[in-house]
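Report on the following structure.
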Amino acid sequence: MNLNEIIEESKNKKNLPNKKLVEMMSELTDEFEKTKKELIILTQYFDKLEETYDSLLIEYETRQK
Numbered sequence: 918m919n920l921n922e923i924i925e926e927s928k929n930k931k932n933l934p935n936k937k938l939v940e941m942m943s944e945l946t947d948e949f950e951k952t953k954k955e956l957i958i959l960t961q962y963f964d965k966l967e968e969t970y971d972s973l974l975i976e977y978e979t980r981q982k
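Sequential numbering from 918 applies to the sequence shown in this note's numbering.
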């Protein structure tokens, strides 16, 4: 079940059995954790990019004086 299916089915949550609710919550939790890990990796990557760029910029600016 993908996220769009879960979103669509959740509109009718009052009529869903508990088993289906638990299944959907489990899938959402897994997706949340996966996305969180990916964001952490991307944030670290972005920080390293910024750090390297800033370092190069400082060196470049010192050479322009």
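Positions of the beta carbon are idealized from the N, C-alpha and C atoms, including for glycine.
Local conformation of residue i per DSSP, three classes
| i | result |
| --- | --- |
| Lys928 | coil |
| Leu933 | coil |
| Met942 | helix |
| Asn921 | helix |
| Gln961 | helix |
Distance, residue j Cα to residue i Cα
| i | j | result |
| --- | --- | --- |
| Leu959 | Lys953 | 10 Å |
| Leu945 | Leu974 | 42 Å |
| Leu966 | Ser972 | 10 Å |
| Asn950 | Asp964 | Reading the sequence as shown, one finds Glu at residue 950 and not Asn. Those two C-alpha atoms are separated by around 21 Å. |
| Glu922 | Met941 | 10 Å |
| Gln961 | Thr969 | 12 Å |
| Ser943 | Lys936 | 11 Å |
Rounded distance between the beta-carbons of residue j and residue i, thought under 8 Å
| i | j | result |
| --- | --- | --- |
| Lys930 | Leu938 | 7 Å |
| Glu926 | Leu933 | 7 Å |
| Glu955 | Leu920 | Their Cβ separation, rounded to whole angstroms, is 14 Å, which puts Glu955 and Leu920 out of contact at 8 Å. |
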